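Visitor: The sequence shown lines up with residues 1 to 346 when you count with the numbering used here.
All C-beta atoms, glycine included, are put in the ideal place defined by N, C-alpha and C.
Note that the structure is predicted; figures quoted are calculated from it, not measured.
If you scroll down you'll find the structure; I have some questions about it.
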Amino acid sequence: MTGTDIGATVMAATDIDVVPSTRFADDDRLTWRFLMRVFVTGASGWIGSAVVPELIGSGHQVIGLARSDASAAALTAAGAEVQRGGLDDLDILGSAAAASDGVIHLAFKHDLAFTGDFEGAANADRLAIEALGEALVGSDRPFLIASGTLGLAPGRVATERDMPDLDAATTLFTGGPAIRARNAQMTLELASRGVRSSVVRLPPTNHGEGDNGFMATLVAIARDKGVSGYIGDGTNRWPAVHRLDSARLFRLAVETAPAGSALHAVADEGVAIRDIAEVIGRHLDIPVLSISPEDAGEHFTWLAGFLGSDSPASSALTRALLAWEPTHLGLIDDLDQGHYFHTPAP
Ligand SMILES: NC(=O)c1ccc[n+]([C@@H]2O[C@H](COP(=O)([O-])OP(=O)(O)OC[C@H]3O[C@@H](n4cnc5c(N)ncnc54)[C@H](OP(=O)(O)O)[C@@H]3O)[C@@H](O)[C@H]2O)c1
Numbered sequence: 001m002t003g004t005d006i007g008a009t010v011m012a013a014t015d016i017d018v019v020p021s022t023r024f025a026d027d028d029r030l031t032w033r034f035l036m037r038v039f040v041t042g043a044s045g046w047i048g049s050a051v052v053p054e055l056i057g058s059g060h061q062v063i064g065l066a067r068s069d070a071s072a073a074a075l076t077a078a079g080a081e082v083q084r085g086g087l088d089d090l091d092i093l094g095s096a097a098a099a100s101d102g103v104i105h106l107a108f109k110h111d112l113a114f115t116g117d118f119e120g121a122a123n124a125d126r127l128a129i130e131a132l133g134e135a136l137v138g139s140d141r142p143f144l145i146a147s148g149t150l151g152l153a154p155g156r157v158a159t160e161r162d163m164p165d166l167d168a169a170t171t172l173f174t175g176g177p178a179i180r181a182r183n184a185q186m187t188l189e190l191a192s193r194g195v196r197s198s199v200v201r202l203p204p205t206n207h208g209e210g211d212n213g214f215m216a217t218l219v220a221i222a223r224d225k226g227v228s229g230y231i232g233d234g235t236n237r238w239p240a241v242h243r244l245d246s247a248r249l250f251r252l253a254v255e256t257a258p259a260g261s262a263l264h265a266v267a268d269e270g271v272a273i274r275d276i277a278e279v280i281g282r283h284l285d286i287p288v289l290s291i292s293p294e295d296a297g298e299h300f301t302w303l304a305g306f307l308g309s310d311s312p313a314s315s316a317l318t319r320a321l322l323a324w325e326p327t328h329l330g331l332i333d334d335l336d337q338g339h340y341f342h343t344p345a346p
């Protein structure tokens, strides 16, 4: 497997402008690594707070962007240096990127996106990516951003070679999601300007204890309605990954992914939404019911469009390219651990 197989340009290790190198034990193998100072935006978030210890545990230094005292304190406690600033502080993003050996961009204005201004959040993301990317042009340094697998190839298993069809009449690639898809394309194109850029496509659920994302929302809706629902016959599928496995992929990618790589952080290729609903129904002891597509918007609110998508995805090319193998629980087994069903605080 070469980088070319997933549309990337192969880069030799000697092209990476990072010293010193050292040896680390990794899964019983001894491998060479270039130790880096990695600038991480969103380092205090759900995925970032797994990526930071993954990087530090492998000998890298982390400089995390923090917009608040609370986020700064969390990063310091995790052993990272703090760069104070927000996503709109483009000068700060550029100078921190220029002073780093590589960048992982995970920050996203979810607060804005999920309160009605997804386009505003996606546009802020574009400006941040431009600022970070421009600072790295000509450096051959790594630049990773998070993207998504949802809607890539509706109805069939998406691979790393698939690109979002922005002309398709799907509701997933209009407005903010379309802008985010273009942001990912823009990141990949930086490969032709001397940036070792990669896009890590995440499945809709990066599950694990403490998750506050789509799975937790689905559980909250089921609890609220007294019904664990799925749309139609519920055979549509979502891929999934444990967040500790996706964190490991980010680390492997910043170390060695070839320029222009689209990578899939996918462990479960496709879990039927009905199977998810059944576990939730069993744990909450409530009925599991089909919700008609016509009623899905009322029942699931903003989640309906995502939940109805049949978007399985493969990670075969990513696994072969980076020797990444997920080792943590799959989605159904993780749900069955019970931590999603602890009674929320009043
Ligand atoms: N979680 C998933 O399952 C999933 C699935 C697909 C794609 N993704 C994508 O993966 C990336 C990381 O997701 P996540 O789940 O870790 O998100 P998250 O838990 O919501 O974390 C978001 C991060 O962005 C930071 N942030 C938000 N607005 C900011 C601003 N204005 N200035 C500076 N920092 C700001 C937050 O800082 P504070 O700590 O200060 O709030 C936090 O560190 C995002 O691009 C997301 O869309 C996630």
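Would the beta-carbon of His207 fall within 8 Å of that of His264?
Guide: No. Outside cutoff.
Visitor: Thinking C-alpha only, which one of Glu269, Ser290, Ala72 and Gly270 is nearest Glu278?
Guide: The option with the nearest alpha carbon to Glu278 is Ser290.
Visitor: Roughly how many whole angstroms lie between the Cα atoms of Gly213 and Ile273?
Guide: Cα-Cα distance, rounded: 16 Å.
Visitor: Mapping the DSSP letters down to three states, classify Trp238 as helix, strand or coil.
Guide: Looking at Trp238 - three-state DSSP - the assignment turns out to be strand.
Visitor: Nearest CA to the CA of Leu190: which residue from Val52, Glu134 and Gly175?
Guide: Nearest option by C-alpha distance: Glu134.
Visitor: Could you check what DSSP says for Val51 in three-state terms: helix, strand or coil?
Guide: Residue state, collapsed to three classes: helix.
Visitor: First and last residue of the alpha helix (DSSP H) that includes Gln185?
Guide: That run of the alpha helix (DSSP H) goes Gly175 to Glu189.
Visitor: Kindly confirm or deny that the stretch 129-145 and the stretch 92-99 touch, where touching means at least three C-beta pairs closer than 8 Å.
Guide: They touch, by the three-pair rule.
Visitor: Looking at the strands, I want to know which residues DSSP matches up with Ser84.
Guide: Note that residue 84 is Arg in the sequence shown, not Ser. DSSP, once it has assigned bridges, lists Ala66 as partnering Arg84.
Visitor: Just to check, is the beta-carbon of Gly148 closer than 7 Å to a non-hydrogen atom of ligand 1?
Guide: Gly148: yes, Cβ under 7 Å from ligand 1.
Visitor: Given a cut-off of 8 Å on the beta-carbon distance, is the pair Ala313 and Ala181 in contact?
Guide: Not in contact: Ala313 and Ala181 (Cβ atoms no closer than 8 Å).
Visitor: Any chance the CB of Trp46 is under 7 Å from a heavy atom of ligand 1?
Guide: Yes - ligand 1 has a heavy atom lying nearer than 7 Å to the Cβ of Trp46.
Visitor: Cutting at 6 Å between CB atoms, please list the residues of its own chain near Ala121, excluding the five before and the five after it.
Guide: Excluding positions up to five away in sequence, the list reads Lys109, Leu112 and Ala113.
Visitor: Who are the near neighbours of Phe173 in its chain, counting only those whose CB is closer than 8 Å to its CB and skipping five residues on each side?
Guide: Excluding residues within five positions, the ones whose Cβ falls inside 8 Å are Gly151, Pro164, Asp165, Leu166 and Ala181.
Visitor: With a Cβ-Cβ cutoff of 8 Å, do Ala267 and Val199 count as a contact?
Guide: The answer is no: Cβ separation not under 8 Å.
Visitor: Less than 8 Å between the C-beta atoms of Val271 and Trp238, yes or no?
Guide: Against a cut-off of 8 Å, the Cβ pair of Trp238 and Val271 comes out as a contact.
Visitor: Assign Arg156 to buried or exposed, taking buried as 16 or more other Cβ atoms, counted over all protein chains shown, within 10 Å of its Cβ.
Guide: Classification of Arg156: exposed, given that the 10 Å Cβ count is below 16.
Visitor: Flag this pair as yes or no: are the beta carbons of Ala80 and Gly64 separated by less than 8 Å?
Guide: Result yes, Cβ atoms of Ala80 and Gly64 sit closer than 8 Å.
Visitor: Between Val254 and Val38, which are expected to be in contact by the criterion C-beta below 8 Å, what is the C-beta distance as a whole number of angstroms?
Guide: Indeed, because the Cβ distance is near 6 Å, the residues count as touching under 8 Å.
Visitor: Relative to ligand 1, is the shortest distance from any of its heavy atoms to the C-beta of Thr327 smaller than 7 Å?
Guide: No, since every heavy atom of ligand 1 falls outside the 7 Å radius drawn around the Cβ of Thr327.
Visitor: What residues match up with Gly148 in a beta bridge as DSSP calls it?
Guide: Answer is Leu202, bridged to Gly148.
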